[in-house]
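Student: Sequence positions in the sequence shown follow my numbering and run 25 to 273.
Note that beta-carbon positions come from the ideal geometry of N, C-alpha and C, so glycine has one too.
One structure, as structure tokens, below. Some questions next.
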Amino acid sequence: MAQPPTIWFDNEGYCSVCQGRTTFVAEGEWLRDQYICSRCRSIPRQRALIEVLDQLVPRWPELRIHESSPTMKFFANQCRGYSYSFFFEDIGPGEYKNGLPCENLEQLTFADRSFDIFITQDVMEHVFDPQRALMEIMRVLDHGGLHIFTTPKHKHLTKSYARARLSGTAVEHLFEPQYHGSPIGDGRALVTWDYGTDFEDLMRDWTGYLTSTFVIRDRERGIDGEHLEVFVMRKSKVNHVRGEAGGES
Ligand SMILES: [Zn+2]
């Protein structure tokens, strides 16, 4: 018989995902994945992203939102203008697999300026060409639109680097392969990039746009743990500060 999880600690608080009072339970010491809302099973980065979105764009439920690789129904339930997609290697962008729409972030099928908000949670560390993906996301955002995203930023790493790259259609591993859990496929996703403390500069160099970094650490809101940064890139002329790439379209 399965043993009940050992409880590291628990506390009462407010959950932004199920939108009510709850008990947050730390089922292990890796709070990022193990500090769970007992009502909706959400994890800290999901709650943090919603809190940041609520602060920046309170009227987001009325806007056009696209999310890549969603792991919760929250936005689908809250926002009429919501759409989502997953990346499947074996079908083309714009096609469907088991009813799920496929998009490749590196070559989105959407027209320019299709969305007001683009959400990626823990996706950018699994993309082979994150620069191209970020540029594509900025292309499909409307003026003033936001890319709001999470991805692990390692505080002891000063320079970001690729762990794996594509050479033709073959994956070339530059370091020992690492995998994270994935909502689709065989349940695991190859880590292609390790990001470090140069992350925001790298984002600017890659896209030309400034990136804001929000960090909430508040157990009252069920938010604590590692890599809880929520990054925001706003598509506006004044935020495009560098390079020819990524100009306003
Ligand atoms: Zn909850």
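Note down, one range per segment and in chain order, each alpha helix (DSSP H) of at least 4 residues found wholly within the region 186-266.
Tutor: 223-231
Student: Quick one: is the Cβ of Thr95 within less than 7 Å of any heavy atom of ligand 1?
Tutor: Translated into positions along the sequence shown, residue 95 becomes position 71. The closest heavy atom of ligand 1 lies 7 Å or more from the beta carbon of Thr95.
Student: Confirm, please, whether the CB-CB distance from Ser93 to Pro176 is below 8 Å.
Tutor: Taking the first residue of the sequence shown as position 1, residue 176 is located at position 152. Taking the first residue of the sequence shown as position 1, residue 93 is located at position 69. Going by C-beta atoms, Pro176 is not nearer than 8 Å to Ser93.
Student: With 16 as the cutoff for other CB atoms within 10 Å, does Arg228 come out buried or exposed?
Tutor: What you label residue 228 is simply residue 204 of the sequence shown in a count that begins at 1. With 16 or more Cβ atoms within 10 Å of its Cβ, Arg228 is classed as buried.
Student: Please name the residue in Gly52, Glu200, Gly169 whose C-alpha comes closest to that of Val262.
Tutor: Along the sequence shown, one-based indexing puts residue 262 at 238. The residue with the shortest Cα to Cα distance from Val262 is Gly169.
Student: Just the residues with CB closer than 7 Å to a heavy atom of ligand 1, in chain order, which are they?
Tutor: Selection output, chain order preserved: Cys39, Val41, Cys42, Thr46, Cys61, Arg63, Cys64, Ser66.
Student: With DSSP as the reference, label Pro346 as helix, strand or coil.
Tutor: Absent from the structure is residue 346, since the part of the chain shown begins at 25 and ends at 273.
Student: Taking C-alpha atoms, which residue in Val239, Arg65, Met162, Thr193 lies nearest to Asp114?
Tutor: If you number the sequence shown from 1, residue 114 lands on position 90. Out of Val239, Arg65, Met162, Thr193, Thr193 has the C-alpha closest to the C-alpha of Asp114.
Student: Considering only residues of the same chain and omitting the five flanking positions on each side of Gly270, which have a CB-CB separation below 7 Å?
Tutor: Position 246 of the sequence shown holds residue 270. With a pLDDT of 47 at Gly270, under the threshold of 50, the modelled position of this residue cannot be trusted, and the question is left open.
Student: Going by DSSP in three states, Asp16 sits in which element: helix, strand or coil?
Tutor: Since the first residue shown for the chain is 25 and the last is 273, residue 16 is missing from the structure and cannot be characterised.
Student: How big is the Cα-Cα spacing for Pro68 and Phe112?
Tutor: By 1-based counting over the sequence shown, the position of residue 68 is 44. By 1-based counting over the sequence shown, the position of residue 112 is 88. Roughly 27 Å separates the two Cα atoms.
Student: Determine the direct distance from the alpha carbon of Asn122 to that of Arg56, and round the result to whole angstroms.
Tutor: By one-based count along the sequence shown, residue 56 stands at place 32. By one-based count along the sequence shown, residue 122 stands at place 98. Pairing Arg56 with Asn122, the inter-Cα distance amounts to about 30 Å.
Student: To the nearest angstrom, how far is it from the Cα of Cys39 to the Cα of Cys61?
Tutor: Mapped onto the sequence shown, residue 39 falls at position 15. Mapped onto the sequence shown, residue 61 falls at position 37. Near 7 Å, if we compare the C-alpha coordinates of Cys61 and Cys39.
Student: Where does Ile172 fall in DSSP's three states?
Tutor: Sequence index remark: in the sequence shown, residue 172 carries index 148 (1-based). Residue state, collapsed to three classes: strand.
Student: How is Pro29 classed by DSSP in three states: helix, strand or coil?
Tutor: In the sequence shown, the residue the question calls residue 29 occupies position 5. DSSP places Pro29 in coil when its eight states are reduced to three.
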